[in-house]
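Down below is the structure, laid out as structure tokens.
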Amino acid sequence: MYSIQATNYTIEIGSLIDSSLALLLGSQFKESKKIILVDENTKQFCLEYLITSYQELAFAEIIELPAGEENKQLEMCVQVWEALTEYQIDRKALIINLGGGVITDMGGLIASLYKRGISFINIPTTLLAMVDASVGGKTGVDLGIFKNQIGLFAFPKAVFIDPGFLNTLDNLQFKNGLAEMLKHGLISDLNHWKKLKTCVLNHENLTDELIQLSVNIKNQIVISDPFEVNERKKLNFGHTIGHAIESFYLEKKTPILHGLAIAAGIQIENYISLQMNFISQIEYDEINQFISQTYPKLNFTSENFDQIISNTKQDKKNIKNQVMMVLLKSIGSAVVDVPVTEEMIRSGLNNYLKG
Ligand SMILES: NC(=O)c1ccc[n+]([C@@H]2O[C@H](COP(=O)([O-])OP(=O)(O)OC[C@H]3O[C@@H](n4cnc5c(N)ncnc54)[C@H](O)[C@@H]3O)[C@@H](O)[C@H]2O)c1
8 MYSIQATNYT IEIGSLIDSS LALLLGSQFK ESKKIILVDE NTKQFCLEYL
58 ITSYQELAFA EIIELPAGEE NKQLEMCVQV WEALTEYQID RKALIINLGG
108 GVITDMGGLI ASLYKRGISF INIPTTLLAM VDASVGGKTG VDLGIFKNQI
158 GLFAFPKAVF IDPGFLNTLD NLQFKNGLAE MLKHGLISDL NHWKKLKTCV
208 LNHENLTDEL IQLSVNIKNQ IVISDPFEVN ERKKLNFGHT IGHAIESFYL
258 EKKTPILHGL AIAAGIQIEN YISLQMNFIS QIEYDEINQF ISQTYPKLNF
308 TSENFDQIIS NTKQDKKNIK NQVMMVLLKS IGSAVVDVPV TEEMIRSGLN
358 NYLKG
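Quick note on our numbering: the sequence shown kicks off at 8 and runs consecutively.
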């Protein structure tokens, strides 16, 4: 079992059975009511393994939510709060978020606001949630189409990452999570980026060690700046445009996977990094070539640019309506708080469509 110390909780990576979950359930939360939050897919693919592995969970309440980003909304939280109230869940209870980033983001928010906050743990079941969403303490929901507009920083009691859950994910889901891992390499570790590039042709190259390294990169950044005053903004590389694109597809009611939007965001923000003379042409080409070969080209057109640009105005890093971006200086190094004009974004979007 590989263990990482986070701000005020532990992240364990390895088989759930070997983790300290049994200890946690049998000691600190022995007398607590347990609630397991799942979506329809994690109910089907992940729940049985969890509840049959721990007798402490035999009487847990199961709350199932519909799957998908379009359901990451406050209305869904209200339904869960009503269910918790009906089950007479008190402040000693423990919520177990068993799912992808939608469940861990939303479950963290639900737990943190119910009766002014009850404990929660995350058991991520997608690659994206394992390497990114389940760690770091950002919880939230979208407001209409705007990503993570409502939320708070709240840290789980523990995170248990069992790569065994990845067996029921398809190739697109693999790429979904890989996008955030590639981001980790691009902003802080050239070697990580290089190793991850080999995983696309052979998924077996995606070892537990690479998952550990991504979690470590994110965790170190979060520890240095838990509430995103400066350094943590780096983790948003690819996300200013990525979130704007994700919102665009949410508005069309044809949501796309978060990682696919982020891959497009990485390409466009990489181009802006080149235009602003941060990154060299050689490194720009390396990133651009790899991402465009690995990820499907999204099907928006130049007619959609205004809407996507308008969505960037809601980015949480903006200062006084000015879009501020994280850009790359080189592979493995990023710079935060760079003001970027609409024209720059438009030319990045154009370049993406041409490429
Ligand atoms: N809090 C953070 O720091 C942070 C960081 C990155 C992303 N996010 C958020 O994470 C979300 C994206 O996460 P995601 O990509 O995991 O989305 P998701 O939770 O929607 O999961 C993707 C799909 O996989 C299914 N699924 C989950 N586990 C499965 C399994 N083991 N087998 C088969 N199917 C399974 C889900 O039901 C869903 O249909 C976005 O809302 C994004 O904003 C948050």
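Ideal Cβ placement from N, Cα and C applies to all residues, glycine included.
Under a CB-based cut-off of 8 Å, is residue i close to chain C?
{"i": "PHE307", "result": "Here chain C cannot be found, since the structure has a single protein chain."}
Can you find the residues in the same chain that come closer than 7 Å, C-beta to C-beta, to residue i, ignoring five residues on each side of it along the sequence?
{"i": "THR301", "result": "LYS182, VAL207"}
{"i": "ASN5", "result": "Since the first residue shown for the chain is 8 and the last is 362, residue 5 is missing from the structure and cannot be characterised."}
{"i": "GLN274", "result": "ASN295, ILE298, SER299, TYR359"}
{"i": "HIS246", "result": "ILE269, GLY272"}
Go ahead and pull the three-state DSSP assignment for residue i.
{"i": "LYS240", "result": "helix"}
{"i": "GLY355", "result": "helix"}
{"i": "VAL45", "result": "strand"}
{"i": "PRO170", "result": "helix"}
{"i": "PHE160", "result": "strand"}
{"i": "MET83", "result": "helix"}
{"i": "GLN329", "result": "strand"}
{"i": "SER27", "result": "coil"}
{"i": "PHE307", "result": "coil"}
{"i": "GLU71", "result": "strand"}
{"i": "ASN104", "result": "strand"}
{"i": "THR14", "result": "coil"}
{"i": "ALA186", "result": "helix"}
{"i": "ALA165", "result": "strand"}
{"i": "VAL229", "result": "helix"}
{"i": "LYS324", "result": "coil"}
{"i": "PHE153", "result": "strand"}
{"i": "TYR61", "result": "coil"}
{"i": "SER94", "result": "According to the sequence as given, residue 94 is Tyr; it is not Ser. Of the three classes helix, strand and coil, the one that applies to TYR94 here is coil, per DSSP."}
{"i": "GLY4", "result": "Since the first and last residues shown for the chain are 8 and 362, residue 4 lies out of range."}
{"i": "LYS99", "result": "coil"}
{"i": "GLY362", "result": "coil"}
{"i": "GLU38", "result": "coil"}
Given residue i, which residues of its chain have a CB within under 8 Å of its CB, disregarding the five upstream and five downstream residues?
{"i": "LYS225", "result": "VAL138, ASP139, VAL142, GLY143, HIS191, LEU242"}
{"i": "ALA65", "result": "ILE58"}
May I ask you to check if the CB of residue i is nearer than 7 Å to at least one heavy atom of ligand 1?
{"i": "ASP313", "result": "no"}
{"i": "VAL109", "result": "yes"}
{"i": "HIS191", "result": "no"}
{"i": "ALA74", "result": "yes"}
{"i": "ALA140", "result": "yes"}
{"i": "GLU187", "result": "yes"}
{"i": "GLN86", "result": "no"}
{"i": "THR175", "result": "yes"}
{"i": "LYS46", "result": "It should be pointed out that residue 46 corresponds to Asp in this sequence rather than to Lys. ASP46: yes, Cβ under 7 Å from ligand 1."}
{"i": "THR247", "result": "no"}
{"i": "PHE181", "result": "no"}
{"i": "CYS53", "result": "yes"}
{"i": "GLY151", "result": "no"}
{"i": "THR363", "result": "This structure gives no information on residue 363, because the portion of the chain shown stretches from 8 to 362."}
{"i": "ASP215", "result": "no"}
{"i": "ASN155", "result": "yes"}
{"i": "LEU135", "result": "yes"}
{"i": "LYS145", "result": "yes"}
{"i": "ASP344", "result": "no"}
{"i": "LYS99", "result": "no"}
{"i": "ASP25", "result": "no"}
{"i": "LYS240", "result": "no"}
{"i": "ILE260", "result": "The sequence given here places Lys at residue 260; Ile does not occur at that position. Result no, Cβ not under 7 Å from ligand 1."}
{"i": "GLY355", "result": "no"}
{"i": "LYS323", "result": "no"}
{"i": "ASP112", "result": "yes"}
{"i": "THR132", "result": "yes"}
{"i": "PHE1", "result": "What is shown of the chain runs 8 to 362, which leaves residue 1 out entirely."}
{"i": "GLY362", "result": "no"}
{"i": "GLY106", "result": "yes"}
{"i": "LYS164", "result": "no"}
{"i": "LYS327", "result": "no"}
{"i": "LYS79", "result": "yes"}
Going by DSSP, what residues sit across from residue i in a beta bridge?
{"i": "ASN78", "result": "None; ASN78 has no bridge partner."}
{"i": "SER340", "result": "SER337"}
{"i": "SER22", "result": "None, per the DSSP bridge assignment."}
{"i": "TYR9", "result": "ILE20"}
{"i": "VAL345", "result": "MET332"}
For residue i, is the beta carbon positioned less than 7 Å from some heavy atom of ligand 2?
{"i": "HIS265", "result": "Ligand 2 is absent from the structure shown, which contains only ligand 1."}
Who are the near neighbours of residue i in its chain, counting only those whose CB is closer than 6 Å to its CB and skipping five residues on each side?
{"i": "CYS53", "result": "LEU105, THR132, PHE172"}
{"i": "SER231", "result": "GLU238"}
{"i": "ALA268", "result": "GLY249, ILE252, GLU253"}
In the stretch 238–301, which residue ranges form an unbroken alpha helix (DSSP H) of at least 4 residues, counting only runs that do not cross its ends?
246–258, 265–282, 288–301
Within the stretch 107–151, note down every full beta strand (DSSP E) run reaching 3 residues or more, in order along the chain.
126–131, 145–150
Unbroken alpha helix (DSSP H) runs of length 4 or more, entirely within the stretch 197–227: which are they?
197–204
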